[in-house]
Every structure is written in C-alpha cells, then in structure tokens.
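Here the working numbering runs 1 ahead of the position in the sequence shown, where the first position is 1. Glycine residues also receive a C-beta, built at the ideal position from the N, C-alpha and C atoms. Note that the structure is predicted; figures quoted are calculated from it, not measured.
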Amino acid sequence: MTTEPAPDWVLPRRQLIGRRIRALREDRGLTQIQLGERAGMDHKTVHRIEYATSDPSLSMLLRLAAALDVELAELVT
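1. Are at least three pairs of beta-carbons, each pair with one atom in the stretch 30-41 and one in the stretch 8-15, less than 8 Å apart?
2. Output the distance between the C-alpha atoms of L31 and L63, rounded to the nearest integer angstrom.
3. Express the C-alpha separation of S60 and T78 in angstroms, rounding to a whole number.
4. Would you call R20 buried or exposed, if buried means 16 or more other Cβ atoms sit within 10 Å of its Cβ?
5. Grab me the residues of I34's own chain with a C-beta within less than 7 Å of its C-beta, minus the 5 sequence neighbours each way, in chain order.
The structure is reproduced here in structure tokens:
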C-alpha cells in the first residue's frame with residue numbers, strides 16, 4: 002500500500018494543535034510526564050505531539066483533551 006504525501010497545510014495545522022496542547026499543559030502546571038500519565042501515554046509521545054513530529058490518532062487527542070479537562074474542539078479548532 003502506498004501513501005501519498007500529506008497536503009502542505011497539514012504540518013502547520015499539526016504544529017498549531019501541538020502548541021495548543023503545550024499551552025494548556027503549561028497553564029495547568031503540568032509536565033509532559035504528568036500529562037502523559039493522565040492521558041495514559043508515554044511522555045515522549047506527548048513531546049512528539051506537542052512538537053508535531055508525530056501524527057496523533059483521534060484516540061490520543063481525545064485522551065489528551067480529557068486529561069487537560071477541555072473539549073476536543075478546543076485542541077483542534
């Protein structure tokens with residue numbers, strides 16, 4: 002199965018979502034380790050999402066939103 006490259010707008014959008022997650026985490030006084038524990042994922046995964054070096058699944062975004070006590074829409078819109 003071949004995968005086509007993502008459109009040019011995808012990376013900037015992923016970066017924006019990562020910045021929002023990072024800002025919310027910092028506003029709540031959480032480290033990446035603490036957020037990862039709350040969301041049930043490794044802190045390295047949190048780091049990769051915040052810095053847009055990985056493409057998070059919907060499940061990951063839902064778990065992060067719950068751990069940050071926000072609606073998913075706050076992360077992605």
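By the coordinates alone:
1. no
2. Taking the sequence shown and counting its residues from 1, one reaches residue 31 at position 30. Taking the sequence shown and counting its residues from 1, one reaches residue 63 at position 62. One C-alpha to the other measures close to 18 Å.
3. The residue labelled residue 78 in the question sits at position 77 within the sequence shown. The residue labelled residue 60 in the question sits at position 59 within the sequence shown. Rounded to whole angstroms, T78 to S60 spans 17 Å at the Cα level.
4. Your numbering for residue 20 matches position 19 in the sequence shown. The residue is exposed, with fewer than 16 neighbouring Cβ atoms inside 10 Å.
5. On the sequence shown, residue 34 is found 33 positions in, with the first residue counted as 1. Correct list, in chain order: H44.
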